[in-house]
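Peer 1:
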Amino acid sequence: MNAPAANLRINPDRLWDSIMEMARIGPGVAGGNNRQTLTDEDAEGRALFQKWCEEAGCTMGVDEMGTMFAMRPGEDPDALPVYVGSHLDTQPTGGKYDGVLGVLGGLEVVRSLNDLGIKTRHPIVVTNWTNEEGTRFAPAMLASGVFAGVLDRDWAYDRVDAKGKRFGDELERIGWKGDEKVGTRKMHAFFELHIEQGPILEAEGKDVGVVTHGQGLRWVQCTVTGKGQHTGSTPMYMRRNAGRGLARVTELVHEIALKHQPNAVGAIGHIDVYPNSRNIIPEKVVFTVDFRSHVLETLEAMVDELNTRAPGLCADIGLKFSAEVVGFFDPPAFDPTLVDRVRNAADRLGYSHMDLISGAGHDACWINRLYPTTMVMCPCVDGLSHNEAEEISKDWAQAGADVLFHAVLETAEIVG
C-alpha cells in the first residue's frame, strides 16, 4: 500500500468549528457539556452529526443499539470498510472533546477526502457508538460491547438509569433505535482518535500518542459490614465502625497498585455509606475498587491480593468483608500493522510522538476483539478529562486528525 503524500492535511479550522458547534448542544454549567446518552440533547447532537454526514455524501445506517454508521462509498464493491469514530455522549459534567474529537475527526477525514477529490478502494465509515460513557446507563461502552458479542442486547435494553428508565425505552423515545441487527457489520479495520485523558503527552511535549495497548480493568464491589450505633454513647472500644474498614482497604488498594508498577493503577472511586447519618456509626460501607493494568496477570494478581488480605484487615477490628467483580475487560493489544501506520504517519507529517498505553476504556477496546484496531491520541491540558474544564489546543486536534487521516487513508487505499 502506498503511503499518502506528506502534504495531505485535514482542514483544522473546519474541524475546530465543528467541535465548537457540537458543544453548543447540551451545555454544562461551567463551560463543558452535559449531553448524556439517550437524552433530548443526545438526540439533537445525533441529528446535527447526521446532517453533516449527509452533506458530505455519506449514507447513514443505525443499528438496534442506536449506533450510527455514516458510509463514504469505496471503489471496490467487495472491499470491507475501514471504520473510524468514537462517541458523542458525555459525562454529566463532561468536556467538549472526550469522544467528540474522534467522531468529528472521522468526519473531517471524509470531508478532506472530498475536498481533495481522493477516492479509496475501501469504503470509509464514520461511527458514533451509543453510550460509551456509561454514566446514565451502566456499564460503559455498552453498544460496542453488544456489537462485539461481549454483552447481550436484551440485557442492555433492560439497563435502568437513576430514575428507573430503561435503556431500550429511552432509545425508542428519542427515535434512534435502528432496524439493523447489532454486530452484523464486518470491518477491514477500526481507528479511534481520542484525547489522552491523562498528563503524559503534555508533560513529555509530544504532539501525538501512538497507542499500543489498552489497560485491562477489574471493578470489584466491596462491602464492609459492622454495627450501626450511636456516635455519642457507644464507647470507643465497643465500636464496629465500617468506616474504619473502608479506610484500611483504601490504603491496601494503594499499596497493591504501587507493588505492581509500572503501568498498574488502583483506587476506590464510588462509595456508599449506610445509614449515612451524622450521629450513627457507619453500619455498612459499599464501595468499588478500580484496578487497571495492561498485563492480564497483574490484574488478576491485584484482585487476588485484595481478596486475600482485606478480610483479615477488617476482621481484626470486628468487621466482615465481602467482594465480587462487577466490571471487567481484559487488556487489549492493538494491531501491530495499524500501530505502525499511525507511528509512520506521525513521522511523515513531522509530528513528535511517543508510544502510549491507554489508561481509560474505549470502544476500540471491544472492537479490537473482532477486527484489527488501533487508536491515536492527542494531549489534553493537565491531563484533565471527565470535567467541564477539559481543554485541548487547536494544534493538538489538528495533529491527531492529520495522523488519523494518513493512517486511515493508507488502510483504505487511494485509487487513481
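So the sequence shown is numbered by numbering that gives the first Met the number 0: it starts at 0 and just counts up by one. All C-beta atoms, glycine included, are put in the ideal place defined by N, C-alpha and C.
Thinking just about the alpha-carbon of each residue, which of 381, 393, 338 is nearest to the one in residue 373?
Peer 2: For residue 373, the nearest C-alpha among the options comes from 338.
Peer 1: Compare the Cα-Cα distances from residue 241 to each of 79, 310, 146, 104 and report the closest residue.
Peer 2: Among 79, 310, 146, 104, the Cα nearest to that of residue 241 is on 310.
Peer 1: How far does the beta strand (DSSP E) with residue 156 in it reach, from first residue to last?
Peer 2: Careful: residue 156 lies outside any beta strand (DSSP E), inside the alpha helix (DSSP H) at 152 to 156.
Peer 1: Near residue 124, what residues of its chain come up, given a Cβ to Cβ distance below 6 Å and the 5 sequence neighbours on each side ignored?
Peer 2: Only 68, 70, 80, 82 meet the Cβ criterion.
Peer 1: Out of curiosity, what's the CA-to-CA distance linking residue 24 and residue 255?
Peer 2: Rounded to the nearest angstrom, the two C-alpha atoms are 42 Å apart.
Peer 1: Please classify residue 166: does DSSP put it in a helix, a strand, or coil?
Peer 2: The answer is helix: DSSP assigns residue 166 an H, G or I state.
Peer 1: Measure the alpha-carbon distance for residue 101 versus residue 193 and round it to whole angstroms.
Peer 2: Residue 101 and residue 193: Cα-Cα distance of roughly 5 Å.
Peer 1: Beta-carbon separation of residue 32 and residue 133 under 8 Å?
Peer 2: Contact: no.
Peer 1: Report yes or no: do three or more beta-carbon pairs, one from the segment 391 to 411 and one from the segment 356 to 366, lie closer than 8 Å?
Peer 2: They do not touch, by the three-pair rule.
Peer 1: Around the C-beta of residue 218, are 16 or more other C-beta atoms found within 10 angstroms, so that it is buried, or is it exposed?
Peer 2: Answer is buried; the Cβ neighbour count reaches 16.
Peer 1: I need the straight-line Cα distance from residue 170 to residue 181, nearest angstrom please.
Peer 2: Straight-line Cα distance between these residues: approximately 14 Å.
Peer 1: Mind checking residue 277: buried by the 16 CB within 10 Å criterion, or exposed?
Peer 2: Residue 277 should be labelled exposed.
Peer 1: Would you kindly work out how many angstroms separate the C-alpha atoms of residue 243 and residue 385, rounded to a whole number?
Peer 2: Distance between the alpha carbons of residue 243 and residue 385 is about 30 Å.
Peer 1: Taking residue 348 as the reference, give the member of 305, 327, 207, 323 with the closest Cα.
Peer 2: Checking every option, the nearest Cα to that of residue 348 belongs to 207.
Peer 1: Note down the Cα distance separating residue 392 from residue 236, rounded to an integer number of angstroms.
Peer 2: Answer to the nearest angstrom: the Cα atoms are 56 Å apart.
Peer 1: Runs of 3 residues minimum, wholly inside the segment 345 to 405: which ones carry the beta strand (DSSP E) assignment?
Peer 2: Here the runs fully enclosed are 352 to 357, 372 to 377.
Peer 1: With respect to the beta strand (DSSP E) encompassing residue 424, which residues constitute its N-terminal and C-terminal limits?
Peer 2: Nothing in the structure corresponds to residue 424, since the chain is present only between 0 and 415.
Peer 1: I'd like to confirm the pairing. Which residues does DSSP put opposite residue 332 in its beta bridges?
Peer 2: Looking at the DSSP assignment, residue 332 forms a beta bridge with 212.
Peer 1: Does residue 168 get closer than 8 Å to chain C when you measure Cβ to Cβ?
Peer 2: Absent from the structure is chain C; it holds one protein chain and no more.
Peer 1: Going by C-alpha distance, which of 401, 410, 412 is nearest residue 15?
Peer 2: Ranking 401, 410, 412 by Cα distance to residue 15 puts 401 first.
Peer 1: Would you call the segment 112 to 129 in contact with the segment 197 to 217, where contact means no fewer than 3 C-beta pairs closer than 8 Å?
Peer 2: Segments in contact, no.
Peer 1: Compute the beta-carbon to beta-carbon distance between residue 246 and residue 297, rounded to the nearest angstrom, for a pair I have assumed lies under 8 Å.
Peer 2: About 25 Å separates the two Cβ atoms, so there is no contact after all.
Peer 1: Mind checking whether residue 380 and residue 390 have CB atoms under 8 Å apart?
Peer 2: Their beta carbons are under 8 Å apart, which means residue 380 touches residue 390 by this criterion.
Peer 1: Excluding five sequence neighbours on each side, which residues of the same chain lie with their C-beta closer than 6 Å to the C-beta of residue 350?
Peer 2: Once the five neighbours on either side are set aside, the close Cβ partners of residue 350 are 206, 207, 398.
Peer 1: Just list the residues that DSSP pairs residue 68 with in beta bridges.
Peer 2: 60, 126.
Peer 1: Under the three-state reduction of DSSP, which class applies to residue 96: helix, strand or coil?
Peer 2: Coil at residue 96, not helix or strand.
Peer 1: DSSP state of residue 323, grouped into three classes?
Peer 2: Correct three-state label for residue 323: strand.
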